[in-house]
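*Asks:*
In our numbering, the protein residues as written are 202 to 391.
#1: Excluding the five sequence neighbours on either side, which residues of its own chain have a C-beta within less than 7 Å of the C-beta of residue 283, listed in chain order?
#2: What does the Cβ neighbour count give for residue 214, buried or exposed, with the cut at 16 atoms within 10 Å?
#3: So, residue 317 versus residue 325, is the Cβ gap smaller than 7 Å?
#4: Among 341, 275 and 270, which has the Cα closest to the Cα of residue 288?
#5: Grab me the residues of residue 359's own chain with a C-beta within less than 6 Å of its C-beta, minus the 5 sequence neighbours each way, in chain order.
#6: Which value, in whole angstroms, describes the spacing of the CA atoms of residue 339 and residue 212?
#7: Quick one: give me the first and last residue of the alpha helix (DSSP H) that residue 343 is part of.
#8: Can you list, in chain order, the stretches of the alpha helix (DSSP H) that have 4 or more residues and sit fully within the region 281–318?
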């Protein structure tokens with residue numbers, strides 16, 4: 202009986218070791234792939250540092266698109282950065298999609314605040330709506346993304362969603378409100 206218990210324990214340990222080795226190999230492969238993407242981006246930016254968005258748009262990895270969107274936005278290329286982030290969000294899943302959607306929301310929110318400071322409040326509303334949509338999409342993917350929750354709350358304070366009851370239209374009654382107003386029915390006494 203002790204031999205069979207030891208044998209089962211050895212098999213369990215071997216299986217656990219094999220699973221750990223597989224997980225470690227996967228992590229190493231992902232790290233090597235990420236380092237390769239970083240190396241490619243650094244090489245491309247070293248050759249032509251003034252055009253990160255154009256370099257990333259020719260690449261096939263969505264991580265390059267997300268990485269190139271920030272310098273593009275800083276340089277004033279809002280449309281280019283938004284296109285890169287939207288492309289990355291559409292082409293990826295998981296954490297990269299969440300990051301792309303969150304960054305896209307931040308881009309729209311920052312641009313809306315800049316437009317609003319210049320005095321064009323009406324022009325900032327579509328940007329705020331796009332920011333709210335991006336944050337909500339990121340939160341659908343990952344509900345515990347606190348930064349997206351905070352920024353969504355900020356965008357909602359700047360441009361609150363309209364209440365469905367505040368449309369100004371008269372309320373449509375689908376039925377009678379009280380028994381006393383019903384037609385063709387008498388209450389009668391017992």
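Using N, Cα and C, we set each Cβ at its ideal position, and we do this for glycine too. Here the structure is a predicted model, which means the values were calculated and not measured.
*Replies:* According to the structure data:
#1: Taking the chain shown and counting its residues from 1, one reaches residue 283 at position 82. Cβ within range, chain order: 305 and 308.
#2: Along the chain shown, read from residue 1 onward, the residue named residue 214 stands at position 13. By the neighbour-count rule (16 or more Cβ atoms within 10 Å), residue 214 is not buried but exposed.
#3: Locating residue 317 in the chain shown gives position 116, where the first residue counts as 1. Locating residue 325 in the chain shown gives position 124, where the first residue counts as 1. Going by C-beta atoms, residue 317 is nearer than 7 Å to residue 325.
#4: Along the chain shown, read from residue 1 onward, the residue named residue 288 stands at position 87. Comparing Cα-Cα distances from residue 288 to each of 341, 275 and 270, the minimum goes to 270.
#5: On the chain shown, residue 359 is found 158 positions in, with the first residue counted as 1. 329.
#6: Locating residue 339 in the chain shown gives position 138, where the first residue counts as 1. Locating residue 212 in the chain shown gives position 11, where the first residue counts as 1. Rounded to whole angstroms, residue 339 to residue 212 spans 43 Å at the Cα level.
#7: Counting from one through the chain shown, the residue named residue 343 turns up at place 142. Element bounds for residue 343: n/a, residue is neither H nor E.
#8: 296–318
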